[in-house]
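Sequential numbering of the sequence shown, starting at 134, is according to my numbering.
Glycine included, every Cβ here is placed at the ideal spot set by N, Cα and C.
Given the structure is predicted, the values throughout are model-derived calculations rather than measurements.
Below is one structure, written out as C-alpha cells; the observations come after it.
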Amino acid sequence: RAGEISCRLLGCAVEAFDPTGERCPPGETGELVVTKPMPSMPVGFWGDADGSKLRAAYFDDFPGVWRHGDWVTFDDDGSCIITGRSDATLNRGGVRLGTSDFYAVVEGFDEVADSLVVHLDDEGHDTGGAGLGTLVLYVQLADGGTLDDALVSRIRTALRTELSPRHVPDRIEATPSVPRTLSGKKLEVPVKRILQGARADDVAARGALADPGALDWYAAKAASTPG
Numbered sequence: 134r135a136g137e138i139s140c141r142l143l144g145c146a147v148e149a150f151d152p153t154g155e156r157c158p159p160g161e162t163g164e165l166v167v168t169k170p171m172p173s174m175p176v177g178f179w180g181d182a183d184g185s186k187l188r189a190a191y192f193d194d195f196p197g198v199w200r201h202g203d204w205v206t207f208d209d210d211g212s213c214i215i216t217g218r219s220d221a222t223l224n225r226g227g228v229r230l231g232t233s234d235f236y237a238v239v240e241g242f243d244e245v246a247d248s249l250v251v252h253l254d255d256e257g258h259d260t261g262g263a264g265l266g267t268l269v270l271y272v273q274l275a276d277g278g279t280l281d282d283a284l285v286s287r288i289r290t291a292l293r294t295e296l297s298p299r300h301v302p303d304r305i306e307a308t309p310s311v312p313r314t315l316s317g318k319k320l321e322v323p324v325k326r327i328l329q330g331a332r333a334d335d336v337a338a339r340g341a342l343a344d345p346g347a348l349d350w351y352a353a354k355a356a357s358t359p360g
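This is the structure:
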C-alpha cells in the first residue's frame, strides 16, 4: 500500500514500544525500537570515549533497547508506517504536535527566515502552563524584519486557524539564529535541554553544527532566566 513499508528488513528486530516499554498492538503508534543488535548499528560516536553520549542518544529510554527516535505504527500483516520523529513531536497536555507543522506555517511569512519551537515541561520550571507546559516559538527574522506586535498577532492567528488553538505558542521571541547540524537538521532537543539547564557542550558536538556558536545565545538566555 502507498506510504507503507511492506515488512521488517532482514536482521532487524524492530518493534513499536509504548512509554512503559511494552510492545504496542497492531494499529497503535509507538516508539520505533530495535530490540536486538543489527549489522548497521554504530559502535560509538567520535570523541565519545566512555560511550555515554551513545547511550544517552539511543539506550536511556529503554535500557538495552535501541530507541531510534521515530513514531511507527505496525499493521497486522507486519507492514508499518513511520509517521515522524518522536523527538520532534511536542506533547502538550497529552496532545502530540509535530514541529514540522509549525514550521510550514511560520516560515511562510516573508518576515521569517527560520524558526524553532520547543515545549518546556512544567516540572521544575516556573512555566505557569497549568499542566500544559510552556510552548515557545523562536523566529529568526529575515533581513530588515522586526518582531513587532503586528507580526506576533499574525503568526498566532495563522497557527490557530491553519492548525489548532493548541499550536498557539505561549511566547514568540526573536533569535539571532536557529542552530542546525551540518546536514541541516534543527537542534530542537538540544535547545530544549539547554533551556532547562543543561550545558551546551553536553548536549551537542560543536563540530557537527553548521554554526558552532549558535547554541550560545540559548545558553545565555537560560542562565539569565529564573526558575
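Spatial neighbours of residue i within its chain, please: C-beta separation below 6 Å, excluding the five flanking residues on both sides.
i              : result
alanine 263    : Any answer about alanine 263 is weak, because its pLDDT of 46 lies below 50 and its placement is not dependable; what the coordinates show is given next. Nothing listed; no residue qualifies.
tyrosine 366   : Past the edges of the chain, shown from 134 to 360, lies residue 366, and the structure says nothing about it.
glycine 154    : Phe195
tryptophan 204 : Thr162, Thr216, Gly217 and Ser219
arginine 156   : Glu148
leucine 223    : Leu230 and His252
proline 172    : Gly144
Just list the residues that DSSP pairs residue i with in beta bridges.
i           : result
alanine 307 : Val272
valine 365  : Residue 365 lies beyond the residue range present for the chain, which begins at 134 and ends at 360; the question has no answer from this structure.
lysine 318  : According to DSSP, which records beta bridges pairwise, lysine 318 is partnered with nothing at all.
valine 228  : Arg225
leucine 342 : Thr314
glycine 217 : Trp204
Going by C-alpha distance, which of the options is nearest residue i?
i                 : options                           : result
isoleucine 305    : Ala341, Ala343, Thr294 and Val239 : Val239
leucine 165       : Phe178, Phe195, Ser173 and Gly177 : Phe195
proline 158       : Asp209, Asp344 and Ala341         : Asp209
glycine 278       : Ser286, Val311, Pro175 and Asp243 : Asp243
proline 345       : Thr358, Leu320 and Ser357         : Leu320
glycine 241       : Asp181, Arg287 and Leu223         : Arg287
aspartate 332     : Ala353, Ser173 and Leu284         : Position check: residue 332 holds arginine in this sequence, whereas aspartate was assumed. Nearest C-alpha to arginine 332: Ala353.
phenylalanine 178 : Gly340, Asp349, Thr358 and Arg229 : Gly340
valine 336        : Ser310, Asp181, Thr358 and Pro172 : Asp181
Given residue i, which residues of its chain have a CB within under 8 Å of its CB, disregarding the five upstream and five downstream residues?
i             : result
arginine 293  : His300 and Val301
glutamate 161 : Ala149, Asp151 and Thr206
alanine 355   : Ile327, Leu328, Gln329 and Gly330
aspartate 220 : Gly202, Glu321 and Val322
leucine 342   : Pro312, Arg313, Thr314, Leu315, Leu320 and Leu348
threonine 174 : According to the sequence as given, residue 174 is methionine; it is not threonine. Contacts found: Val167 and Trp199.
Going by beta carbon distance, what residues of the same chain come within less than 7 Å of residue i, once the five residues before and after it are set aside?
i             : result
threonine 260 : With a pLDDT of 40 at threonine 260, under the threshold of 50, the modelled position of this residue cannot be trusted, and the question is left open.
leucine 296   : Asp234 and Val238
alanine 246   : Gln273, Leu274 and Ala275
threonine 168 : Ala146, Glu148 and Val198
arginine 119  : This structure leaves residue 119 out entirely; the chain is present only between 134 and 360.
alanine 291   : Val238
leucine 284   : Glu244
tyrosine 351  : Val324, Ile327 and Leu328
tyrosine 191  : Trp199 and Arg200
Quiz item: Quick check: the region 312-326 against the region 245-253, are there 3 or more CB pairs under 8 Å?
Solution: Under the 8 Å Cβ criterion, the region 312-326 counts as touching the region 245-253, having at least three qualifying pairs.
Quiz item: Three or more beta-carbon pairs under 8 Å between the region 144-162 and the region 174-189, yes or no?
Solution: Segments in contact, no.
Quiz item: Three or more beta-carbon pairs under 8 Å between the region 208-217 and the region 310-317, yes or no?
Solution: Verdict: no, contact absent.
Quiz item: Which runs of the alpha helix (DSSP H) fall wholly inside the region 147-211 and span at least 4 residues, in chain order?
Solution: Runs of alpha helix (DSSP H) with 4 or more residues, each lying fully within the region 147-211, are found at 185-191, listed in chain order.
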